[in-house]
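K.L.:
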Amino acid sequence: NNIQLKLSYFFGNT
Amino acid sequence: MFEARLVEGSLLKKVMESIKDLLNEASWDCSGNGMCLQAMDSSHVALVSLMLKSDGFENYRCDRSISLGINLASMSKILKCASNDDIITIRAEDDADAITFMFESPKQDRVSDYEMKLMNLDTEHLGIPDTEYACVIKMPSGEFSRICRDLSVLGDSVIICCTKDGVRFSAKGDLGNGNIKLAQSANVDKEEEAVVVDMREAVTLTFSLRYLNFFTKAAPLSSQVSLSMSEDVPLMVEYKINDKEGDSKGYVRYYLAPKIED
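Listed below in structure tokens is the structure:
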């Protein structure tokens, strides 16, 4: 099975 | 005072159709450069970044930067009241709690205006790093829509494998598996029908088809779509917003975090 990653894992808050 | 007049009003209708199923609400950030919108879907897996350039409007006035908090389903419903050939003007006073949409028929014999309440949104902005992607695939937007739709029959996820030979889209599930291979176009008469792969490194990534199918709602905006990929970073799917003459008026970009093996 695959796990869906979240965008916050890649992009930081500005 | 903010005012923007778009003669090809159908473009704004198409822009709303491209985001309304993915996002509930978002802020239009209006400045001298144009109208921008950045928002994530409620599960924080996909992000929309969209730009309508000020010089893409026939009239554009933005006295000071403002952020217009919008319920996108409501805006989409109101824009459906505009005919496809209507001229659309968006207007908001500084510090206003409402936005006005005016629709003019091409002959100016029918003018309608709709006022919509604005929302106070506490929006978080993500910093999207400039990325040199390992693969950039350009293909007809209709082809990408069809691939996402067809592979959804088989499974929830698609594996996109990009090599120098072309691109392969694969899905598998309980009923079996499917693969669609696209070769680079050798010679095409029409640029919009071409498949072009610009590859520095081969990349294989897995993505949710549910989100990709949301993204393909932007296909009416552009005959071509580009998929930009690097290992272990979100996919970027870009539809350029071009007018009837082919001049660039902006873009809709979607970012989607990959799936990884458990």
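Residue numbers (the working numbering), protein chains in the order written: chain A, 2 to 15; chain B, 78 to 339. C-beta atoms are modelled at their ideal positions from N, C-alpha and C, and glycine is treated no differently.
Kindly indicate which three-state DSSP category Asn161/B falls into: helix, strand or coil?
P.N.:
Residue state, collapsed to three classes: coil.
K.L.:
By the 10 Å Cβ neighbour count, where 16 or more other Cβ atoms means buried, how is Glu85/B classified, buried or exposed?
P.N.:
Its Cβ being crowded by 16 or more others within 10 Å, Glu85/B is buried.
K.L.:
Compile a chain-ordered list of the residues in the stretch 121 to 149 of chain B whose CB is closer than 8 Å to at least one CB of chain A.
P.N.:
Cβ contacts with chain A: His121, Val122, Ala123 and Leu124.
K.L.:
Measure the Cβ-Cβ separation of Tyr288/B and Ser299/B and say whether it is below 8 Å.
P.N.:
Their beta carbons are not under 8 Å apart, which means Tyr288/B does not touch Ser299/B by this criterion.
K.L.:
Based on the DSSP secondary-structure assignment, which residues constitute the bridge partners of Tyr210/B?
P.N.:
Answer is none; Tyr210/B lacks a bridge partner.
K.L.:
Please check the pair Asn3/A and Ile165/B, which I expect to be a contact at CB under 8 Å, by giving their CB distance rounded to whole angstroms.
P.N.:
With a Cβ gap of about 42 Å, Asn3/A and Ile165/B do not count as contacting.
K.L.:
Could you tell me which chain A residues have their CB closer than 8 Å to the CB of Pro183/B, listed as they occur along the chain?
P.N.:
Chain A residues near Pro183/B: none, gap ~41 Å exceeds 8 Å.
K.L.:
Would a C-beta distance cut-off of 8 Å place Ile214/B and Ile257/B closer than the cut-off?
P.N.:
No, the pair does not count as a contact, with Cβ atoms beyond the cut-off.
K.L.:
Does the stretch 109 to 122 of chain B come close enough to the stretch 171 to 183 of chain B that 3 or more CB-CB pairs lie under 8 Å?
P.N.:
No, the stretch 171 to 183 of chain B does not touch the stretch 109 to 122 of chain B.
K.L.:
Mind listing, in chain order, the continuous beta strand (DSSP E) runs of no fewer than 3 residues lying wholly within the stretch 235 to 278 of chain B?
P.N.:
List check, beta strand (DSSP E) in window: 243 to 250, 253 to 260 and 273 to 276.
K.L.:
Could you round the C-beta distance between Leu195/B and Gly253/B to whole angstroms and report it? I think they count as a contact, below 8 Å.
P.N.:
The pair is not a contact, with the Cβ atoms about 49 Å apart (cut-off 8 Å).
K.L.:
For a contact defined as C-beta to C-beta under 9 Å, what are the partners of Lys294/B on chain A?
P.N.:
Under the 9 Å cutoff, chain A gives no residues; its nearest Cβ is about 19 Å from Lys294/B.
K.L.:
Report, in whole angstroms, the separation of the C-beta atoms of Glu94/B and Lys326/B, which I expect to be a contact under 8 Å.
P.N.:
Actually they do not touch by this definition, with Cβ atoms about 16 Å apart.
K.L.:
Does the beta carbon of Ile337/B come closer than 8 Å to any beta carbon on chain A?
P.N.:
With 8 Å as the cut-off, Ile337/B counts as an interface residue toward chain A.
K.L.:
For Asp198/B, which option in Leu114/B, Asp275/B and Gly243/B has the closest C-alpha, if you only look at C-alpha atoms?
P.N.:
The sequence as given places Leu at residue 198/B; Asp does not occur at that position. Minimum Cα distance to Leu198/B is reached at Leu114/B.
K.L.:
Quick check: the stretch 262 to 279 of chain B against the stretch 228 to 235 of chain B, are at least 3 beta-carbon pairs closer than 8 Å?
P.N.:
Contact between the stretch 228 to 235 of chain B and the stretch 262 to 279 of chain B is absent, because fewer than three Cβ pairs lie under 8 Å.
K.L.:
Chain A partners of Gly46/B, CB-CB under 7 Å?
P.N.:
The requested residue 46/B does not occur in the structure, where chain B is confined to residues 78 to 339.
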